[in-house]
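What follows is a single structure, written as structure tokens, with notes after it.
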Amino acid sequence: MVIAIDGPAGSGKSTIAEMLAQNLELDGGGRFIYINSGNLYRALTLACLKDGVDIQNEEAVVSLAQSVNLDYKNGAVFLNGKNVDALLRSDEIDNAVSRVSANVPVRRIVNDIIRRIAKNNNVVVEGRDMTTVVFPDARARFYLDASADARARRRFDQGVSELNIEKIRSSIEERDRLDRDKPEGSLKIADGVTYIDTSYLTIKQVYEKLEQIIRLKG
Ligand code: DC
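Residue numbers (this note's numbering): 117 to 334.
Spelled out as structure tokens, the structure:
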């Protein structure tokens, strides 16, 4: 079973997807794996920055993406065999990752990895094009949204960014623009998804809404 969640940066989808994967159990005891697709783009961005690959050079980025070993195991991203989860949330990666994720052949590589994992497992997968391109037929599909103000506040409260709240908000708005203007896999509200604005909801309230709908869908 596939549960797919899309939405802009800071809409709460990673937290919710991870909670769902931890707590949901299918009749018969089947469990879910959580896949954060944005982390795969972030890991490729990290590889570019480490190897000095110019992210504007699309061909160089594709050839690097083809040469690295990228995998998702136990909820963490492995780049060439190393767990890189702790390195993926820097301001440097935040600024560069939209460019890497706009690269169409790179999207195919990432989507193949995700589909391969979903083939043999129940998954809760989140990103920007999970409900549209990668799993348009997922059993449950959600779009989580929130205002730019609410999202900037959440990012600021995480305490991982060195920017002030206004700068975080501008960076979020710039990323929204890049996400929506991508040639492929752009952020859209797909027909048939359940749309939830999380701006004024607690994590618990959002979680309960999704869990209830997933149970209804079996
Ligand atoms: O969810 P996130 O902010 O960690 O995602 C990082 C970047 O990757 C962001 O610019 C959006 C992009 N992304 C994408 O294009 N498609 C996805 N399925 C997931 C993320």
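For every residue, glycine included, the Cβ atom is placed at its ideal position computed from N, Cα and C.
Cα separation between residue i and residue j?
i: isoleucine 149; j: serine 287; result: 30 Å
i: valine 250; j: lysine 166; result: 29 Å
i: aspartate 307; j: aspartate 245; result: 13 Å
i: arginine 257; j: glycine 243; result: 12 Å
i: serine 183; j: cysteine 164; result: 12 Å
i: leucine 156; j: valine 222; result: 10 Å
i: isoleucine 209; j: glutamate 324; result: 32 Å
i: glutamate 327; j: leucine 136; result: 7 Å
Taking the DSSP output, what are the residues bridged to residue i?
i: aspartate 261; result: Asp313
i: alanine 256; result: Ile119
i: isoleucine 288; result: According to DSSP, which records beta bridges pairwise, isoleucine 288 is partnered with nothing at all.
i: isoleucine 151; result: Val241
With residue i as the anchor, note down where its alpha helix (DSSP H) starts and where it stops.
i: isoleucine 319; result: 319-332
i: valine 216; result: 207-217
i: isoleucine 225; result: 220-235
Distance cutoff 8 Å, beta carbons only. Does residue i sit that close to anything in chain B?
i: aspartate 273; result: The displayed structure is made up of one protein chain only, and chain B is not part of it.
Mind checking whether the beta-carbon of residue i lies closer than 7 Å to any heavy atom of the ligand DC?
i: valine 213; result: yes
i: lysine 298; result: yes
i: arginine 244; result: yes
i: tyrosine 157; result: yes
i: arginine 176; result: Here the sequence assigns alanine to residue 176, which means arginine is not the residue at that position. No - the ligand DC has no heavy atom lying nearer than 7 Å to the Cβ of alanine 176.
Just curious, the beta strand (DSSP E) that residue i is in, first and last residue?
i: glycine 243; result: 238-243
i: aspartate 201; result: Taken as a continuous stretch (DSSP letters only), aspartate 201 belongs to no beta strand (DSSP E), as it is neither H nor E.
i: aspartate 187; result: 186-189
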